[in-house]
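Inspection log for the structure reproduced underneath, given as structure tokens.
Number of protein chains: 4
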Amino acid sequence: MSDLRIGIVGVGAMGADHAERIVRRISGARLVAVSDPDTARAEELAVRLSGGGPAGGSAAAGAGAAGGAVRVIGDPLELVGAREVDAVILASPGFAHAEQLFACLEHGKPVLCEKPLTMDAASSLQVVEAEHKLGKPLIQVGFMRRFDPEYAALKQLLDSGELGRPLLLHNVHRNKANGPGFRSEMIVRDSMVHEVDVARWLFGSEISRITVHAPKPTGAVPDGVLDPQFAVFELANGAMADVEVFVNFQVGYEVRCEAVAERGSATIGLGSGVVTRAAGHWGGAVPEDFRVRFDLAYDIEVQRWIDAVGRGEIDGPSAWDGYAAAAVCEAGIASLNSGQPVAVDLADRRTVLG
Amino acid sequence: MSDLRIGIVGVGAMGADHAERIVRRISGARLVAVSDPDTARAEELAVRLSGGGPAGGSAAAGAGAAGGAVRVIGDPLELVGAREVDAVILASPGFAHAEQLFACLEHGKPVLCEKPLTMDAASSLQVVEAEHKLGKPLIQVGFMRRFDPEYAALKQLLDSGELGRPLLLHNVHRNKANGPGFRSEMIVRDSMVHEVDVARWLFGSEISRITVHAPKPTGAVPDGVLDPQFAVFELANGAMADVEVFVNFQVGYEVRCEAVAERGSATIGLGSGVVTRAAGHWGGAVPEDFRVRFDLAYDIEVQRWIDAVGRGEIDGPSAWDGYAAAAVCEAGIASLNSGQPVAVDLADRRTVLG
Amino acid sequence: MSDLRIGIVGVGAMGADHAERIVRRISGARLVAVSDPDTARAEELAVRLSGGGPAGGSAAAGAGAAGGAVRVIGDPLELVGAREVDAVILASPGFAHAEQLFACLEHGKPVLCEKPLTMDAASSLQVVEAEHKLGKPLIQVGFMRRFDPEYAALKQLLDSGELGRPLLLHNVHRNKANGPGFRSEMIVRDSMVHEVDVARWLFGSEISRITVHAPKPTGAVPDGVLDPQFAVFELANGAMADVEVFVNFQVGYEVRCEAVAERGSATIGLGSGVVTRAAGHWGGAVPEDFRVRFDLAYDIEVQRWIDAVGRGEIDGPSAWDGYAAAAVCEAGIASLNSGQPVAVDLADRRTVLG
Amino acid sequence: MSDLRIGIVGVGAMGADHAERIVRRISGARLVAVSDPDTARAEELAVRLSGGGPAGGSAAAGAGAAGGAVRVIGDPLELVGAREVDAVILASPGFAHAEQLFACLEHGKPVLCEKPLTMDAASSLQVVEAEHKLGKPLIQVGFMRRFDPEYAALKQLLDSGELGRPLLLHNVHRNKANGPGFRSEMIVRDSMVHEVDVARWLFGSEISRITVHAPKPTGAVPDGVLDPQFAVFELANGAMADVEVFVNFQVGYEVRCEAVAERGSATIGLGSGVVTRAAGHWGGAVPEDFRVRFDLAYDIEVQRWIDAVGRGEIDGPSAWDGYAAAAVCEAGIASLNSGQPVAVDLADRRTVLG
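Protein chains in written order, with full-length UniProt numbering: chain W, 1 to 354; chain H, 1 to 354; chain L, 1 to 354; chain D, 1 to 354.
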């Protein structure tokens with residue numbers, strides 16, 4: 001049987017996660033190569049996941065670990081072009097994506113590209129057009145929320161029409177604290193971008209206008225940093241979405257979403273798990289970070305991508321979805337800076353894709 | 001790389017589930033053989049999961065499916081002894097387990113045995129002793145709840161000592177409706193047995209006495225059938241557990257558990273997921289059956305078993321746990337019939353296992 | 001307009017609560033007299049609630065306080081017989097109730113008697129018989145849970161038949177810590193007695209047998225004290241109830257109840273109120289004591305009692321309910337001491353009440 | 001003792017509710033007069049609540065009902081000026097308030113005025129100035145949410161500073177369906193006005209700018225009606241609030257609110273009560289209308305108003321609060337019509353009130 005042979009570009013936190021995933025929990029795929037500017041990190045990972053040794057030695061993986069030799073390739077473009085690599089996961093920094101995506105297209109390699117597709121709408125559109133010329137979809141973008149069982153159930157419920165036409169979407173997206181070098185636009189580009197994809201996907205419509213408000217910031221950020229932010233999306237089909245992004249919430253990670261339709265509403269992200277009564281309180285833990293909440297979504301996303309590649313398809317957000325998200329985020333950053341609503345500058349889909 | 005080659009005995013609902021699991025979602029294992037008295041069903045499954053044809057033809061699985069040829073073997077004991085089978089999953093009816101387990105022990109094959117270990121305490125004890133003679137653990141019993149993330153979190157919380165010593169455990173175990181040929185003792189032997197294992201595991205103590213009460217039954221069962229039942233377990237370490245089992249609850253599947261300790265309580269199984277407001281009500285769906293609730297637990301259980309076999313170990317309930325559960329259920333059925341508390345007749349562990 | 005003139009016997013915590021209630025929040029009643037062995041406390045209360053001075057001075061209550069002169073009467077029996085007292089609230093210690101109830105009956109004074117009716121089944125039965133001779137109901141017993149909006153809603157739902165016949169009742173009753181001089185039987189007589197009344201009321205049936213188990217106690221109590229306790233009630237109509245009473249739960253006050261019927265279950269006491277996300281947790285506060293949970297129930301109970309007295313009726317638990325509760329608790333204490341199930345010794349209702 | 005003698009202007013649904021409240025559940029007040037253009041309705045109410053007959057006959061109220069003769073007065077201004085009326089509740093239509101409020105001020109009668117204070121900011125300001133001239137507060141405005149135990153607890157939590165500075169407030173306000181003659185501005189003026197008061201009160205700041213968005217409306221309303229609406233409030237202190245008002249939600253009445261602060265968030269309005277498992281679902285009932293949710297708030301509001309009048313004070317929203325709400329709603333309606341954010345035109349408080 002031929003497991004799909006995967007190469008991963010970038011083995012920081014996200015890439016390393018994907019590597020572990022492929023080796024330990026995914027069916028039908030093998031990790032064969034990794035690449036990272038930090039060669040030491042790449043080699044450490046390769047050794048750990050080979051169950052024997054890095055490239056060059058044949059390492060028999062112990063039963064239960066779909067490992068084997070994992071080759072460390074210094075040049076990511078060489079990894080993309082390598083014969084032994086059937087498909088690629090891009091977990092490199094956003095600024096490297098454009099070049100690496102074009103390489104994947106050139107070599108006809110299916111690729112799961114962690115968001116963002118590229119750093120800006122213009123280059124994202126170029127990627128879309130380049131893929132379109134090939135005549136088959138090779139790019140899937142890593143908006144993993146679509147694979148979270150709760151988001152999937154919500155989508156299914158809305159599509160069933162049982163609640164009528166969806167009218168509004170209320171979103172809350174909170175992190176415990178930001179990392180170093182945090183800047184206000186990151187809220188839009190790195191966090192809010194998930195709600196952009198969710199809104200487009202749940203409503204089945206493009207976002208035509210966005211307003212990003214910034215209330216007086218929390219005292220937990222340095223002067224000049226705007227956190228939290230509150231955005232309003234106006235969609236082309238008349239629906240609306242609002243999003244609170246609060247990166248320094250101090251409490252933990254929380255992603256919640258309520259869809260309001262003509263005959264009812266549906267909420268996800270309420271959490272649950274173990275409910276404790278202790279020390280004068282009842283309730284549960286708020287997770288530290290996104291992993292607890294979305295680990296399963298990533299597993300499902302990657303498994304389904306691998307299954308789809310086997311069928312010659314993609315099974316998730318397309319390059320167009322990545323481009324549209326970039327276009328909305330550009331407008332969002334403009335709104336954040338101007339304090340005004342900003343129309344989204346998006347190419348006409350039928351013109352681009354036919 | 002050597003995937004563990006699995007043979008499955010019994011491809012009814014549970015066995016077929018495991019087969020799908022191995023082929024589509026589990027890392028490091030391959031399905032190589034199935035056996036079932038219903039040959040047609042076994043062959044249909046083998047074809048479906050081979051991605052080509054049954055044994056005899058070489059079938060290349062598409063990428064993403066760890067399939068390959070799946071051989072149908074008429075005689076389960078022949079499957080157990082087959083050279084190409086590294087490890088066995090027993091999903092056959094309980095009455096067949098004893099013979100099949102002895103065969104696994106004889107051939108030194110690691111085996112994941114769906115509960116019950118065997119049909120009665122005496123033969124279960126024989127299996128325990130036989131395995132003990134071999135000097136290494138080969139048998140893991142399929143009490144999957146231990147792998148449910150909520151049960152696992154509860155166990156971790158209790159073990160941490162944060163809430164003090166556990167004192168009581170309240171359990172609720174409900175099904176929508178029973179299948180055909182349902183008899184009152186099945187509630188104890190097939191349903192309550194899960195709470196028996198959970199109580200022993202969470203409290204770290206044997207159950208010394210059990211009372212199974214039967215209130216006036218629901219009108220949904222024929223005369224003479226006792227449903228629901230309400231049991232009280234008294235544990236050797238002084239703790240207690242109570243269990244409501246209601247097989248014809250009419251509503252859906254529900255498994256809930258509250259542990260009460262010296263400084264607090266913790267509850268799991270409260271459900272969540274999508275919370276809807278519609279038609280004058282707020283709330284969510286109660287799942288139809290156990291699959292929604294425990295699919296993930298089975299995936300984790302099987303993945304960890306496979307990983308453990310690779311290390312020459314087990315990683316879950318042992319044959320002793322299967323024997324203890326059988327002993328408690330025998331006492332439970334006696335209590336159900338007599339209306340009295342009944343002491344559990346359990347061999348001394350140190351005597352049996354050294 | 002003639003407000004009902006109330007006299008309160010016993011102004012400890014409960015009696016003082018009722019006094020405040022009458023003066024500040026109840027419509028159609030006035031507090032005219034109080035009695036307590038602790039004369040200083042009675043006088044302080046009388047002054048505080050008179051809005052001027054105690055008996056002897058004419059005190060005009062300010063608008064908004066249905067006060068007026070509140071007379072302190074040293075002898076509770078004199079208060080019961082006083083002309084200016086239309087109706088009596090007994091909030092004295094249980095051992096004083098029998099004598100004070102007989103006095104109320106003798107003077108034809110309607111009385112709201114805080115539980116217990118009396119200290120034992122025998123004297124309770126005598127009270128029931130004495131009232132029966134009068135030919136009209138004068139005694140209402142203070143099982144306030146029947147007036148809690150959640151219990152009332154539960155009762156209404158079960159009576160509607162929408163869920164079918166009620167089969168089981170799971171109860172949890174927890175306090176933060178016990179007061180001084182705490183003894184094991186108090187759990188049955190003072191705490192569990194509420195669940196006794198609730199079970200009889202919700203199921204509409206007498207309790208025929210009770211088993212009170214005591215697991216190994218929490219380390220928070222001195223040697224010899226049994227806390228928590230876990231009881232099983234078997235009802236005459238075939239239904240069953242179970243009750244965990246845990247007086248030193250350390251966490252706070254919690255009263256929860258789940259009724260299980262043929263086609264569904266209903267739970268109350270889950271709490272709610274403000275749900276906070278802070279310090280890594282989500283959830284709410286567990287109240288310190290019963291007041292937060294049942295303050296409103298007491299208000300409703302007293303208002304409805306006063307309204308009923310105006311109609312010459314009672315509107316809540318009767319003397320028989322008080323007697324039945326005493327009978328069950330006596331059996332419960334016997335079970336706690338013997339470790340065996342104990343049948344409830346209850347007179348035949350039709351014989352006693354005709 | 002002198003109960004406060006209350007006259008109610010307007011006995012439609014709200015006024016009749018208040019009448020019942022005074023007679024049956026409020027301490028320290030008596031209903032003495034009602035007025036309504038619908039004389040038949042006023043008389044029916046007067047008879048029902050007199051417990052005997054209307055004005056002219058001496059009606060002894062039964063014990064438990066603080067009734068007595070209730071006089072029907074045709075002219076509301078005559079009621080306001082009547083000697084036997086100590087304080088007034090205005091539950092007349094909004095357009096009648098200005099005249100009736102000036103009458104109350106002229107006669108020095110304390111008045112609880114159901115919202116809106118008046119129909120527009122200008123006349124509201126006149127009322128504020130007129131009251132200010134008198135030198136004592138006579139007017140309390142009926143924004144009852146401040147008295148809802150959950151809103152009160154939320155206020156207390158935010159004021160404690162435990163969660164840090166409040167930054168955002170998310171509000172949801174849904175009704176099942178609108179009444180006849182419904183127009184889009186009613187959403188702002190009659191529904192959203194509650195969130196206006198809540199936001200000002202919880203944040204302790206004026207609202208400086210408002211944007212009212214209207215997504216494509218629900219199909220449940222006639223063409224031209226905009227429902228739901230989604231508003232964004234920008235407060236003077238830098239905080240922000242958002243409000244979804246959806247009058248034809250089809251499901252029932254729901255008012256929910258989440259305050260987000262620097263170190264946590266707090267949510268109210270999640271409901272609870274009886275949680276049922278039946279027919280494949282778990283959950284509870286969504287109330288039909290506002291009464292279930294806010295009946296208690298009204299009781300507390302009126303009781304505290306009456307207590308405060310007795311002290312020569314008010315204890316709730318002032319005339320200024322009514323004026324500020326009117327100013328924000330005027331800006332809100334302008335925004336709804338223009339599609340633009342609109343600054344709130346509010347007089348300077350220190351200038352007006354000194």
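Ideal Cβ placement from N, Cα and C applies to all residues, glycine included.
Opposite residue i in the DSSP bridges: which residues?
{"i": "THR118/H", "result": "According to DSSP, THR118/H bridges with nothing at all."}
{"i": "GLU244/D", "result": "VAL172/D, PHE230/D"}
{"i": "SER208/W", "result": "Paired residue(s): none; SER208/W is not in a bridge."}
{"i": "ILE6/W", "result": "LEU31/W, ALA87/W"}
Determine the direct distance from the alpha carbon of residue j to that of residue i, and round the result to whole angstroms.
{"i": "ALA16/W", "j": "ARG291/W", "result": "13 angstroms"}
{"i": "ARG24/H", "j": "GLN303/H", "result": "12 angstroms"}
{"i": "LEU134/D", "j": "ALA319/D", "result": "13 angstroms"}
{"i": "ASP50/H", "j": "SER92/H", "result": "For the sequence presented, residue 50/H should be read as Ser rather than Asp. Near 21 angstroms, if we compare the C-alpha coordinates of SER92/H and SER50/H."}
{"i": "VAL255/D", "j": "ALA266/D", "result": "14 angstroms"}
{"i": "LEU112/D", "j": "ILE73/D", "result": "18 angstroms"}
{"i": "ALA19/D", "j": "PRO287/W", "result": "50 angstroms"}
{"i": "ALA69/D", "j": "ASP307/L", "result": "19 angstroms"}
Let's test the definition: count the other Cβ atoms within 10 Å of the Cβ of residue i and tell me whether it reaches 16, buried, or not, exposed.
{"i": "ASP223/H", "result": "exposed"}
{"i": "ASP289/L", "result": "exposed"}
{"i": "LYS115/D", "result": "buried"}
{"i": "GLU313/D", "result": "exposed"}
{"i": "SER2/W", "result": "exposed"}
{"i": "SER338/H", "result": "exposed"}
{"i": "PHE203/D", "result": "buried"}
{"i": "residue 403/H", "result": "For chain H, the structure presents residues 1 to 354; residue 403/H sits outside this window and is missing."}
{"i": "GLY354/H", "result": "exposed"}
{"i": "LYS136/L", "result": "exposed"}
{"i": "residue 369/H", "result": "Lying outside 1 to 354, the shown extent of chain H, residue 369/H is not represented and no answer is given."}
{"i": "ALA261/D", "result": "buried"}
{"i": "THR211/W", "result": "buried"}
{"i": "ASP75/D", "result": "exposed"}
Less than 6 angstroms separating the Cβ of residue i from some heavy atom of the ligand ADP?
{"i": "PRO317/H", "result": "Of the ligands one can find in the structure shown there are none, so the ligand ADP has no counterpart to examine."}
(message) Under 8 angstroms, with one C-beta from each stretch per pair, do the segment 150-159 of chain D and the segment 269-280 of chain L reach the 3-pair mark?
(response) yes
(request) Pick out the complete beta strand (DSSP E) segments inside the segment 133-162 of chain W, 3 residues or longer, and give them in chain order. (result) 139-141
(request) Report yes or no: do three or more beta-carbon pairs, one from the segment 241-248 of chain L and one from the segment 238-255 of chain W, lie closer than 8 angstroms? (result) no
(request) State whether the segment 300-314 of chain L contacts the segment 180-193 of chain L, with contact taken as three or more CB pairs (one from each stretch) at a distance under 8 angstroms. (result) no
(message) Could you check whether the segment 6-16 of chain W touches the segment 26-45 of chain W, counting it as contact only if at least three pairs of C-beta atoms, one from each stretch, sit closer than 8 angstroms?
(response) yes
(request) Kindly provide the ranges of any alpha helix (DSSP H) runs that are 4 or more residues long and lie completely inside the segment 81-131 of chain W, ordered along the chain. (result) 97-107
(request) Count the C-beta pairs between the segment 342-354 of chain H and the segment 188-201 of chain H that are closer than 8 angstroms, then say yes if the count reaches three, no if not. (result) no
(message) Closer than 8 angstroms is the cut-off here; do at least three beta carbon pairs connect the segment 171-179 of chain W with the segment 206-217 of chain W?
(response) no
(message) Below 8 angstroms, how does it come out for the segment 100-112 of chain H and the segment 76-89 of chain H: are there three or more Cβ pairs, yes or no?
(response) yes
(request) Only counting runs of 3 or more residues, tell me where the beta strand (DSSP E) segments fall wholly within the segment 239-316 of chain W, in order along the chain. (result) 240-246, 254-261, 264-268, 275-278, 281-285
(message) By the 8 angstroms beta-carbon criterion, what residues does the segment 255-277 of chain L contribute toward chain A?
(response) Structure shown: chain A not included; protein chains present are W, H, L and D.
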